[in-house]
DNA sequence: GGTTACATACCAACTGGTTGGTATGCTCGT
DNA sequence: ACGAGCATACCAACCAGTTGGTATGTAACC
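Residue numbers (my numbering), protein chains in the order written: chain A, -4 to 201; chain B, -4 to 201.
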């Protein structure tokens, strides 16, 4: 966003927030935790952010530009066929599971669970972020639907939300079991379902 | 569990915990919040529970016996055909979505997100609880698989986890959007997928 | 070139309110 | 009279946010 956003200390705090909040949650993360992780002082923190909540709102925005960049730059994103992009997305997310649990889980999914009733602005930011990610995904799904299942009874958007829900739910089990095994199995089921909707990516159109 | 568990104040605290923790999360829920919601004093709270964490562990156990009872008593549970029980479960969960968001979301899904890295005992309790619910569901799925898809490439257990992940992910979107609409759409997709695995419940076997 | 004025970035110490938990004593059934 | 259950007052630790100050840069003015 603003040139300000590039400032070193500011960035370090936002980066630290994505890690610490994902690991401990919002309420349990103290400003001191963040400062220690970012290597800045409390004075610096409150110089850059009016409050802890305002900071986390910017952390969500920071997270979204960061992840949007990752998915846009991924190899699958430049596939010519939209269905290949959809399945490429699934494979890409499956490969992300090779990282550790705190690394592949979602900041917004974690945040919204504990803040939806108490911090309306955070809830709204998570809603916007998750929905915009779904919208990006939905574009490819809709293109694939028009090409491979034009008479389908389902909407592309509902499939986009379904994919995200499977991912978010998988993260919960990954945390509970400290293992990505269930998440991997879930992605396999999800792929099979999408193949039933769009056909397998190595089949021909129609 | 023990006859102790039936004690009035104890029960009121555990009931309050399921509501308040689901709404505000574990860290943001104070012992005073719980006491106020339960209508007991702090002295009573710490008479019955050694600590906030020990209380939440019992709240998880309390939650599991409560929900297990609900699902066991639901009409679908006594269907003769295992496939009917599986789809009955899906319909039952869909109907639960008519309640408010705080009412149909899952205590353990909320809890584990923010505690998995900081409160190992809570994480383990959530894992046990969620896995045992999956295990109950898996029994019906396995019976349906043997009857309707004996040569299937998938395991009943992995389908059980998939169903739960879709539900948990749906809860996240319900919280983010303060609406169950996405959750309903997700359950429709889930049903379609299960029909592709087991056949539609009004079809004949094989 | 030097001085004033001001803005940004940062820091350590502090504050006032909150929190989980404790200490102590009251009450009531047996 | 004795212990289970409960109530009240309290405490030390902790927390978000404040304060007052320093260091650095920089733009303007003479």
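Beta carbons: idealized from backbone N, C-alpha and C, even for Gly.
Contact set between the region 10 to 25 of chain B and chain A, restricted to residues whose Cβ is under 7 Å from the partner: Of all residues in the region 10 to 25 of chain B, 18, 19, 20, 22 and 23 have a Cβ within less than 7 Å of some Cβ in chain A.
Under 7 Å by beta carbon: chain A residues contacting residue 216(B): Residue 216(B) is absent from the structure shown; chain B starts at -4 and stops at 201.
Reference residue 172(B), options 127(A), 165(A), 33(A) and 76(A), closest by Cα: If you number the second chain from 1, residue 172(B) lands on position 177. Of 127(A), 165(A), 33(A) and 76(A), the smallest CA-CA separation from residue 172(B) is found for 127(A).
Where residue 109(A) meets chain B, residues with beta-carbon distance less than 9 Å: Numbered from 1 along the first chain, position 114 holds the residue referred to as residue 109(A). What residue 109(A) touches in chain B: 19, 20, 21, 22, 23, 105, 108 and 109.
Contact under 7 Å by Cβ, residue 15(A) with residue 27(A): On the first chain, position 20 is the one that residue 15(A) refers to. On the first chain, position 32 is the one that residue 27(A) refers to. Contact: no.
Own chain residues within Cβ distance below 6 Å of residue 186(B), not counting five before or after: The count along the second chain starts at 1 and reaches residue 186(B) at position 191. Only residues of its own chain outside the window of five on either side were considered, and among them 85 have a CB closer than 6 Å to the CB of residue 186(B), listed in chain order.
C-beta neighbour in chain B for residue 201(A), strict 7 Å: Your numbering for residue 201(A) matches position 206 in the first chain. Confidence at residue 201(A) is low in this model, with a pLDDT of 40, below 50, so the placement of that residue should be treated as unreliable; the coordinate-derived value is given next. Not an interface residue.
Environment of residue 73(A) [buried if 16+ CB atoms lie within 10 Å]: To locate residue 73(A), count along the first chain from 1; it is residue 78. Per the 10 Å Cβ criterion, exposed.
Given residue 180(A) as reference, the closest of 140(A), 166(A) and 121(A) once Cα atoms are compared: Along the first chain, one-based indexing puts residue 180(A) at 185. For residue 180(A), the closest C-alpha among the options 140(A), 166(A) and 121(A) is that of 166(A).
Coarse secondary structure for residue 58(B), derived from DSSP in three states: The residue labelled residue 58(B) in the question sits at position 63 within the second chain. In this structure, residue 58(B) counts as helix in the three-state DSSP scheme.
For residue -2(A), three-class secondary structure by DSSP: Locating residue -2(A) in the first chain gives position 3, where the first residue counts as 1. Reliability of the predicted coordinates at residue -2(A) is poor, the pLDDT of 39 falling under 50, and no value is obtained from them.
CB contact flag (residue 161(B), residue 161(A), <7 Å): In the second chain, counting from the first residue as 1, residue 161(B) sits at position 166. In the first chain, counting from the first residue as 1, residue 161(A) sits at position 166. Residue 161(A) sits close to residue 161(B), with the two beta carbons spaced by under 7 Å.
Inter-stretch contact at 8 Å, needing at least 3 Cβ pairs: the region 91 to 109 of chain A / the region 152 to 161 of chain B: Touching, no, given that fewer than three Cβ pairs across the two stretches are closer than 8 Å.
Straight-line Cα distance separating residue 46(A) from residue -2(A): For this step, residue -2(A) is matched to residue 3 along the first chain. For this step, residue 46(A) is matched to residue 51 along the first chain. Summary for residue -2(A): the model assigns pLDDT 39, below 50, so the residue's position carries little reliability, and this model does not support an answer.
Beta carbon proximity, residue 98(B) to chain A, threshold 7 Å: The sequence position of residue 98(B) within the second chain is 103, counting from 1. Chain A has no Cβ within less than 7 Å of the Cβ of residue 98(B).
Cβ of residue 204(B) within 7 Å of any chain A Cβ: Residue 204(B) lies beyond the stretch modelled for chain B, which goes from -4 to 201, so this question has no answer here.
Among 62(B), 18(B), 7(B) and 21(B), nearest to residue 43(B) - alpha-carbon criterion: Here residue 43(B) refers to the residue found at position 48 when the second chain is read from its first residue. Here the closest residue by C-alpha is 7(B).
Contact with chain B by residue 177(A), beta-carbon distance below 7 Å: As a working note, residue 177(A) is residue 182 in the first chain. True, the Cβ-Cβ gap to chain B drops below 7 Å.
Residue 4(B) versus 22(B), 25(B), 17(B) and 38(B), residue with shortest Cα-Cα distance: Taking the second chain and counting its residues from 1, the one referred to as residue 4(B) is at position 9. Closest by alpha carbon: 38(B).
Chain-order list of residues whose beta-carbon lies under 8 Å from that of residue 116(B) (same chain, five-residue window excluded): Sequence index remark: in the second chain, residue 116(B) carries index 121 (1-based). Exclusion of the five residues before and after residue 116(B) leaves 48 and 52 as the residues of its chain whose Cβ lies within less than 8 Å of its Cβ.
Nearest neighbour of residue 168(A), chosen from 111(B), 144(B) and 131(B) [CA to CA]: Residue numbering aside, residue 168(A) sits at position 173 when the first chain is read from its first letter. Out of 111(B), 144(B) and 131(B), 111(B) has the C-alpha closest to the C-alpha of residue 168(A).
Cβ of residue 81(B) within 7 Å of any chain A Cβ: Numbered from its first residue, the second chain carries residue 81(B) at position 86. No, no contact with chain A.
Residue 0(B) at chain A interface by Cβ criterion, 7 Å: Start at 1 with the first residue of the second chain, and residue 0(B) comes out as number 5. Legend: pLDDT at residue 0(B) = 48, less than 50; position of this residue unreliable, no value from coordinates given.
Local conformation of residue 44(A) per DSSP, three classes: Here residue 44(A) is taken as the residue at index 49 of the first chain, counted from 1. Reduced to three states, the DSSP call for residue 44(A) is coil.
Inter-residue Cα distance where the pair is residue 206(A) and residue 34(A): With chain A covering only -4 through 201, there is no way to say anything about residue 206(A).
8 Å CB neighbourhood of residue 62(A) in its chain, flanking five on each side removed: Within the first chain, residue 62(A) is the residue found at index 67, counting from 1. So the list reads 128, once near-sequence residues are dropped.
Distance between residue 59(A) and residue 66(A) (C-alpha atoms, nearest Å): Position 71 of the first chain, counted from the start, is the residue given in the question as residue 66(A). Position 64 of the first chain, counted from the start, is the residue given in the question as residue 59(A). A straight-line Cα-Cα distance of about 11 Å links residue 66(A) and residue 59(A).
Nearest neighbour of residue 119(B), chosen from 2(B), 56(B), 30(B) and 32(B) [CA to CA]: Within the second chain, the letter at position 124 stands for residue 119(B). Nearest option by C-alpha distance: 56(B).
Whole-Å CB distance - residue 100(A) paired with residue 19(A), under 8 Å assumed: Against the first chain, residue 100(A) aligns to sequence position 105. Against the first chain, residue 19(A) aligns to sequence position 24. Their Cβ separation, rounded to whole angstroms, is 12 Å, which puts residue 100(A) and residue 19(A) out of contact at 8 Å.
Cut-off 7 Å between Cβ atoms - residues of its own chain near residue 214(A), not counting five sequence neighbours on either side: Given that chain A is displayed from residue -4 to residue 201, the structure contains no residue 214(A) and the question cannot be resolved.
Buried/exposed call for residue 133(B), threshold 16 Cβ in 10 Å: As a working note, residue 133(B) is residue 138 in the second chain. Looking at its Cβ environment, which holds 16 or more other Cβ atoms inside 10 Å, residue 133(B) is buried.
Residues of the region 52 to 80 of chain A whose Cβ lies closer than 9 Å to any Cβ of chain B, in chain order: Under the 9 Å Cβ criterion, the region 52 to 80 of chain A contributes no residue.
Straight-line gap, residue 174(A) to residue 152(B) (C-alpha atoms, nearest Å): Your numbering for residue 174(A) matches position 179 in the first chain. Your numbering for residue 152(B) matches position 157 in the second chain. Each residue's alpha carbon lies about 16 Å from the other.
Contacts around residue 82(B), its chain only, beta-carbon distance under 6 Å, and the 5 residues preceding and following it disregarded: Within the second chain, numbered from 1, the residue matching residue 82(B) stands at position 87. Correct list, in chain order: 196.
Span separating the alpha-carbon of residue 123(B) from that of residue 143(A): Position 128 of the second chain, counted from the first residue, corresponds to residue 123(B). Position 148 of the first chain, counted from the first residue, corresponds to residue 143(A). Cα atoms of residue 123(B) and residue 143(A): separation of roughly 42 Å, rounded to the nearest angstrom.
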